[in-house]
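K.L.:
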Amino acid sequence: MTGPFPATRLRRTRATAWSRALHRETLLTPADLIWPLFVTDGTGVEEPIGSLPGVSRWSVDGIVARAREAVDLGIPVLALFPYTQSGRRSADGKEALNPDNLMCRAIAAIKQACGDDIGVLTDVALDPYTDHGQDGLVDEAGYVVNDATVDVLVGQSLNQARAGADIIAPSDMMDGRIGAIRDALEQGGHANVQIMSYAAKYASAFYGPFRDAVGSRGLLKGDKKTYQMDPANAEEALREVELDLAEGADSVMVKPGLPYLDIVRRVKDAFEVPVFAYQVSGEYAMIEAAVAAGAGERDALVLETLLAFKRAGCSGMLTYHAAHAARLLGA
Ligand code: PBG
Numbered sequence: 404m405t406g407p408f409p410a411t412r413l414r415r416t417r418a419t420a421w422s423r424a425l426h427r428e429t430l431l432t433p434a435d436l437i438w439p440l441f442v443t444d445g446t447g448v449e450e451p452i453g454s455l456p457g458v459s460r461w462s463v464d465g466i467v468a469r470a471r472e473a474v475d476l477g478i479p480v481l482a483l484f485p486y487t488q489s490g491r492r493s494a495d496g497k498e499a500l501n502p503d504n505l506m507c508r509a510i511a512a513i514k515q516a517c518g519d520d521i522g523v524l525t526d527v528a529l530d531p532y533t534d535h536g537q538d539g540l541v542d543e544a545g546y547v548v549n550d551a552t553v554d555v556l557v558g559q560s561l562n563q564a565r566a567g568a569d570i571i572a573p574s575d576m577m578d579g580r581i582g583a584i585r586d587a588l589e590q591g592g593h594a595n596v597q598i599m600s601y602a603a604k605y606a607s608a609f610y611g612p613f614r615d616a617v618g619s620r621g622l623l624k625g626d627k628k629t630y631q632m633d634p635a636n637a638e639e640a641l642r643e644v645e646l647d648l649a650e651g652a653d654s655v656m657v658k659p660g661l662p663y664l665d666i667v668r669r670v671k672d673a674f675e676v677p678v679f680a681y682q683v684s685g686e687y688a689m690i691e692a693a694v695a696a697g698a699g700e701r702d703a704l705v706l707e708t709l710l711a712f713k714r715a716g717c718s719g720m721l722t723y724h725a726a727h728a729a730r731l732l733g734a
């Protein structure tokens, strides 16, 4: 300090709303949001999900209504997840390859209703289709086998692309699947179908409500630690991202979100590619529980957490609060 006054007063630019707006470094808009939706069978069906208060499974007609709502709100992408009837779940998850499965019907219906006004992102992994709840094929010992699973994931990806999916998002964490899927898409005439890789996906305790939503929680024995990443590791996340980019991923995802913002920032700094994060079901449930307990205010919590993702380097976020946030942002 040179005189009786601080040389720099950082509070000066914070003193008024116009000045705060002028100096804001990070912008959050509805175009940053990807809205995950759960699809179920039937017509006119809405099934609330107990552990995800405010989130429901919708039958295809309801999904189309949500898609129209998303277009109006300025949300650019929907992410779809199916609730598969128990009779269609099997050890080999072959329902994933059925061209008339719930996912394909939902994709086609959205594309028919909204065309390119909205993008459809589809999850690639077998857990909504297996009767054991794992993301891939298991051997006698219960180990999820890599290469045979990749073959099925390739078929699943092609099935979704043929139905009209715009972005294939493999969430399975098998080695080598991005390259195999990219090859198949190119050869199958889907050169412009994107791949957003769940590149750094951790074996997390934050996925519980999602597993309720797709009906795999009760089926899953054990855990997913032999393929999803150890939450202790960060360097390994950079290796995962490097491989997926080399294999042809257009963008990469970090998942879960808020507890892994350090990974988002390191990936962004290291690779300068589009990075997305998934604010997962357990994170959503934590915010809702905090609101219910009177510990915080929903709108502020939602906007602050989403802004934090942008500040950390995200191009966009998957969040179950997408429609609510888009409304708050005044599309
Ligand atoms: C399936 C998948 C999961 C999620 C997205 N895709 C669950 C899991 O890996 O067990 C979790 C999303 C969420 O919790 O919101 N592979």
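Residues 404 to 734 (this note's numbering) are what the sequence shown spells out, left to right. Don't be surprised by glycine CBs; every beta carbon is placed ideally from N, CA and C.
Quick one: grab the DSSP three-state call for Y681.
P.N.:
Within the sequence shown, numbered from 1, the residue matching residue 681 stands at position 278. The answer is strand: DSSP assigns Y681 an E or B state.
K.L.:
For P612, count the other beta carbons within 10 Å of its own beta carbon; 16 or more makes it buried, fewer makes it exposed. Which is it?
P.N.:
Along the sequence shown, one-based indexing puts residue 612 at 209. With 16 or more other Cβ atoms within 10 Å, it is buried.
K.L.:
Less than 7 Å separating the beta-carbons of I466 and L440?
P.N.:
The count along the sequence shown starts at 1 and reaches residue 466 at position 63. The count along the sequence shown starts at 1 and reaches residue 440 at position 37. In contact: I466 and L440 (Cβ atoms closer than 7 Å).
K.L.:
Return the Cβ separation of L641 and R669 in integer angstroms, given the expectation that the two are a contact with Cβ distance under 8 Å.
P.N.:
Working through the sequence shown from its first residue, we reach residue 641 at position 238. Working through the sequence shown from its first residue, we reach residue 669 at position 266. Indeed they touch by this definition, with Cβ atoms about 6 Å apart.
K.L.:
Taking the DSSP output, what are the residues bridged to E449?
P.N.:
What you label residue 449 is simply residue 46 of the sequence shown in a count that begins at 1. E449 is bridged to W461.
K.L.:
Hey, would you say the C-beta of A482 is under 6 Å away from at least one heavy atom of the ligand PBG?
P.N.:
Numbered from its first residue, the sequence shown carries residue 482 at position 79. False, no ligand heavy atom lies under 6 Å from that Cβ.
K.L.:
Considering K604, what are the terminal residues of the beta strand (DSSP E) in which it resides?
P.N.:
Within the sequence shown, the letter at position 201 stands for residue 604. Taken as a continuous stretch (DSSP letters only), the beta strand (DSSP E) holding K604 covers Q597 to K604.
K.L.:
Out of A688, T533 and Q563, point me to the one whose CA is closest to I598's CA.
P.N.:
Within the sequence shown, numbered from 1, the residue matching residue 598 stands at position 195. Closest option to I598, Cα to Cα, is Q563.
K.L.:
From what residue to what residue does the beta strand (DSSP E) around I571 run?
P.N.:
Against the sequence shown, residue 571 aligns to sequence position 168. I570 to P573 is the span of the beta strand (DSSP E), which, as asked, contains I571.
K.L.:
Looking at the structure shown, is G697 part of a helix, part of a strand, or coil, going by DSSP?
P.N.:
Sequence index remark: in the sequence shown, residue 697 carries index 294 (1-based). Correct three-state label for G697: coil.
K.L.:
Return yes when at least one heavy atom of the ligand PBG lies under 6 Å from the C-beta of A528, else no.
P.N.:
In the sequence shown, the residue the question calls residue 528 occupies position 125. Yes, the Cβ of A528 comes within 6 Å of a heavy atom of the ligand PBG.
K.L.:
When the Cα atoms are used, what is the spatial distance from I571 to Y630?
P.N.:
As a working note, residue 571 is residue 168 in the sequence shown. As a working note, residue 630 is residue 227 in the sequence shown. So the alpha carbons of these two residues sit roughly 19 Å apart.
K.L.:
Using 8 Å for Cβ pairs, my map puts V596 next to P485. What's the rounded Cβ distance?
P.N.:
As a working note, residue 596 is residue 193 in the sequence shown. As a working note, residue 485 is residue 82 in the sequence shown. V596 to P485, Cβ: 19 Å. No contact.
K.L.:
Please state whether the Cβ-Cβ distance between D615 and S462 is less than 7 Å.
P.N.:
Position 212 of the sequence shown, counted from the first residue, corresponds to residue 615. Position 59 of the sequence shown, counted from the first residue, corresponds to residue 462. Against a cut-off of 7 Å, the Cβ pair of S462 and D615 comes out as no contact.
K.L.:
How is G611 classed by DSSP in three states: helix, strand or coil?
P.N.:
Reading the sequence shown from its first residue, position 208 is the one you call residue 611. Three-state DSSP puts G611 in a helix.
K.L.:
State the CB to CB distance for the pair H426 and T416, rounded to an integer number of angstroms; the pair is presumed to be in contact (CB under 8 Å).
P.N.:
Start at 1 with the first residue of the sequence shown, and residue 426 comes out as number 23. Start at 1 with the first residue of the sequence shown, and residue 416 comes out as number 13. The pair is a contact, with the Cβ atoms about 5 Å apart (cut-off 8 Å).
K.L.:
Output needed for L623: all residues of its chain with C-beta closer than 6 Å, excluding positions within five of it in sequence on either side, in chain order.
P.N.:
For the purposes of this step, residue 623 is identified with residue 220 of the sequence shown, where counting begins at 1. Excluding positions up to five away in sequence, the list reads G536.
K.L.:
Could you round the C-beta distance between L483 and T525 to whole angstroms and report it? I think they count as a contact, below 8 Å.
P.N.:
Numbered from its first residue, the sequence shown carries residue 483 at position 80. Numbered from its first residue, the sequence shown carries residue 525 at position 122. About 6 Å separates the two Cβ atoms, so the contact holds.
K.L.:
Do you know how far the Cα of E589 is from the Cα of R580?
P.N.:
Indexing the sequence shown from 1 puts residue 580 at position 177. Indexing the sequence shown from 1 puts residue 589 at position 186. C-alpha separation (whole angstroms): 14 Å.
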